[in-house]
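Some notes on the structure that comes next.
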Amino acid sequence: MRKLVLFSVLVFYPAGLAVAQQAATMNQGQMSALDSNKDGAVERSEYESFMTAAFANLDKNKDGSLSPDETKQALNAQQFAATDANSDGKVTQKEFLDRVMADFKTADRSGDGNLK
Ligand SMILES: [Ca+2]
Ligand SMILES: [Ca+2]
Ligand SMILES: [Ca+2]
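In the working numbering, the protein residues as written are 516 to 631.
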């Protein structure tokens with residue numbers, strides 16, 4: 516258990532992104548999809564990989580950023596603005612990951628770096 520302290524359960528109580536909201540209602544099957552090494556817990560790295568893939572999915576035109584249009588199913592205007600840290604109207608992968616990983620930290624109430 517290295518570097519546990521801050522990261523863990525993000526998946527269950529995410530702050531706002533639709534992907535995270537989906538995660539919040541994950542069933543067992545989805546949970547095991549996130550748990551790529553099948554150790555029964557979702558580590559920060561597994562969550563990050565999952566969200567990186569989610570970003571790629573949302574980025575329909577593959578320009579490396581998400582427009583309000585690309586995220587309209589997932590985010591309302593307020594959530595989009597909250598994720599678009601530099602307010603340039605686009606959500607880059609970094610902005611996206613910063614946000615969802617912050618959600619992870621928020622969700623990590625036990626602080627053990629794992630989601631079980
Ligand atoms: Ca795991
Ligand atoms: Ca795009
Ligand atoms: Ca931006």
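Even glycine gets a Cβ: it sits at the ideal position worked out from N, Cα and C. These figures come from a predicted structure and were not determined experimentally.
If we count the other Cβ atoms within 10 Å of its Cβ and call it buried at 16 or more, is residue i buried or exposed?
{"i": "Ala-569", "result": "buried"}
{"i": "Ala-589", "result": "buried"}
{"i": "Asn-629", "result": "buried"}
{"i": "Asp-623", "result": "buried"}
{"i": "Asp-618", "result": "buried"}
{"i": "Asp-599", "result": "buried"}
Helix, strand or coil: which one does DSSP assign to residue i?
{"i": "Thr-607", "result": "strand"}
{"i": "Leu-581", "result": "strand"}
{"i": "Asn-629", "result": "strand"}
Got a sec: does ligand 1 put a non-hydrogen atom nearer than 6 Å to the Cβ of residue i?
{"i": "Gly-554", "result": "Contrary to the premise, residue 554 reads as Asp rather than Gly in this sequence. Yes, Cβ of Asp-554 sits closer than 6 Å to a heavy atom of ligand 1."}
{"i": "Glu-563", "result": "no"}
{"i": "Glu-610", "result": "no"}
{"i": "Asp-574", "result": "no"}
At a cut-off of 6 Å, would you count residue i as near ligand 3, judging by its Cβ distance to the nearest heavy atom?
{"i": "Lys-587", "result": "no"}
{"i": "Asp-599", "result": "yes"}
So, residue i versus residue j, is the Cβ gap smaller than 7 Å?
{"i": "Ser-580", "j": "Lys-605", "result": "yes"}
{"i": "Lys-577", "j": "Glu-585", "result": "no"}
{"i": "Leu-549", "j": "Glu-563", "result": "no"}
{"i": "Pro-583", "j": "Phe-595", "result": "yes"}
{"i": "Ala-556", "j": "Lys-620", "result": "no"}
With a threshold of 6 Å, establish whether the CB of residue i neighbours any heavy atom of ligand 2.
{"i": "Asp-578", "result": "yes"}
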